[in-house]
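Engineer: What follows is a single structure, and I will ask about it in a moment.
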Amino acid sequence: MNLIHDLELAVDDELVDAGIVVGFLLIGGVKNQIRKKKGFESFRGALIRDLVENNTLADLAAHRYLRGYRELHDRFDVGDRSLVPSPESLYGVLFKHGDLRTINPIVDVYNYVALKHRLSCGAHDIDRLNGRIALIKTTGYESFKPLGKGTVCTVPAREYAYVDGSNRVICRLECRQAEHSAVMDTTTKVAVIVQGNASTPVPAIEDAITEIKSLLQRCIGEPEVLRRVLLPVSANVTKTATTCGVNV
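Here our numbering is used: the first residue of the sequence shown is 23, the next is one more, and so on.
Structure representation (structure tokens):
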């Protein structure tokens, strides 16, 4: 089994109807402890300075893309207001501390793109996904161990979440990632996810995926395996459909 080419990708119809489009970038041969940089740190520093010096947190949070995520939460009756869309959470950290701490090349790259494009970006270790990533409406029985937390819990029914082949939540909404699929220095195969909402045009998702790909090549070298998929298929009808989406 080829864990990248055979990885099942799916988005439930009800979430498609809510306007969600998801871009996936699947890569192998990753050396996540290598940081070639080639200008990335200067790009990152310039973006952070611009965001902090020329914006307020309230202005950034009011952007239509971020409002779109909160509207999704309302649509799916998410009652926990501590669950903030991931780009808004990054902005909060940035304005509180004046910077984001570096973690590893993959995480640093997708955080940069999330800040720049105002989109939810994340990544997961493919070796830990048991052959599947699906964005589903939750039943209340899915297990979830949030990143940095010590206990396993369940998520409420009727929210949405990304789950793996063992029905474990790898990301609750577009807000909180799981411990077990976190990208580490030892990760060699990674699934990057960029999620939009009804307010984000499809080209914005594609542009973010393209920039993540380009920056990863700059920072960690050319990957051995590459697969791009856009779901739902109807989001990009000009491309050739596969059983799992669209290779772009």
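Built from N, CA and C at the ideal position, the CB exists for glycine as well.
Taking the alpha carbon of arginine 150 as the point to measure from, which residue in Lys118, Asn189, Thr176 and Val177 has its own alpha carbon closest?
Structural biologist: Selected option, being the one with the closest Cα: Asn189.
Engineer: Using only CA atoms, which one of Glu228, Val224, Pro127 and Ser108 lies nearest to valine 38?
Structural biologist: Considering only alpha carbons, the answer is Val224.
Engineer: For the candidate residues Ile42, Glu63, Val185 and Val44, whose alpha-carbon lies nearest to that of leucine 237?
Structural biologist: The candidate whose alpha carbon is nearest that of leucine 237 is Glu63.
Engineer: Ordered along the chain, which non-local residues of its own chain (more than five positions away) have a Cβ less than 6 Å from that of alanine 220?
Structural biologist: Only Gly41 and Gly90 meet the Cβ criterion.
Engineer: Distance, Cα to Cα, glycine 144 vs leucine 195?
Structural biologist: Going from the Cα of glycine 144 to the Cα of leucine 195 covers about 12 Å.
Engineer: Would you list, in sequence order, the uninterrupted beta strand (DSSP E) runs of no fewer than 3 residues that lie entirely inside the segment 160-238?
Structural biologist: You should have 182-186, 191-194 and 212-217.
Engineer: If you draw a straight line from the alpha carbon of valine 270 to that of leucine 252, how long is it in whole angstroms?
Structural biologist: The predicted position of valine 270 is uncertain, since its pLDDT is 42 and thus under 50; no value can be drawn from it.
Engineer: Should alanine 68 go down as buried or exposed, given a rule of 16 or more other Cβ atoms within 10 Å for buried?
Structural biologist: Per the 10 Å Cβ criterion, exposed.
Engineer: Note down the Cα distance separating threonine 96 from arginine 180, rounded to an integer number of angstroms.
Structural biologist: Strictly speaking, residue 96 in this sequence is aspartate, with threonine absent from that position. Distance between the alpha carbons of aspartate 96 and arginine 180: 11 Å.
Engineer: Under 8 Å by Cβ, that's how I've got proline 109 and alanine 136 pegged, so tell me the actual separation to the nearest angstrom.
Structural biologist: Between alanine 136 and proline 109 the Cβ distance is about 5 Å, and since that is below 8 Å, they are a contact.
Engineer: Is phenylalanine 2 helix, strand or coil by DSSP?
Structural biologist: This structure gives no information on residue 2, because the portion of the chain shown stretches from 23 to 270.
Engineer: Tell me the rounded alpha-carbon separation between methionine 45 and isoleucine 227.
Structural biologist: Rather than methionine, the amino acid found at residue 45 in this sequence is glycine. One C-alpha to the other measures close to 6 Å.
Engineer: Looking only at its own chain, which residues have a Cβ that is under 6 Å from the Cβ of aspartate 147, when we skip the five neighbours before and after it?
Structural biologist: Closer than 6 Å at the Cβ level, and outside the excluded window around aspartate 147, lie Ser203, Val205 and Thr209.
Engineer: How about valine 212 and isoleucine 128: are their beta carbons less than 8 Å apart?
Structural biologist: In this structure, isoleucine 128 lies closer than 8 Å to valine 212 by Cβ.
Engineer: According to the neighbour-count rule (16 or more other Cβ atoms, all chains shown, within 10 Å of its Cβ), is histidine 139 buried or exposed?
Structural biologist: Per the 10 Å Cβ criterion, buried.
Engineer: Distance check for isoleucine 158 and phenylalanine 98, CA to CA, integer angstroms please.
Structural biologist: The straight-line gap from Cα to Cα measures roughly 12 Å.
Engineer: Quick one, are the C-beta atoms of leucine 116 and isoleucine 70 less than 8 Å apart?
Structural biologist: It is a contact, given that the beta carbons lie within the stated cut-off.
Engineer: Could you give the first and the last residue of the continuous alpha helix (DSSP H) run that contains leucine 82?
Structural biologist: It spans 79-83 - the alpha helix (DSSP H) in which leucine 82 sits, taken as one unbroken run.
Engineer: Rounded to the nearest angstrom, what separates proline 245 and valine 52 at their Cα positions?
Structural biologist: Each residue's Cα considered, the two are about 6 Å apart.
Engineer: For isoleucine 242, name the three-state secondary structure that DSSP assigns.
Structural biologist: In the structure shown, isoleucine 242 sits in a helix (DSSP, three-state: H, G or I).
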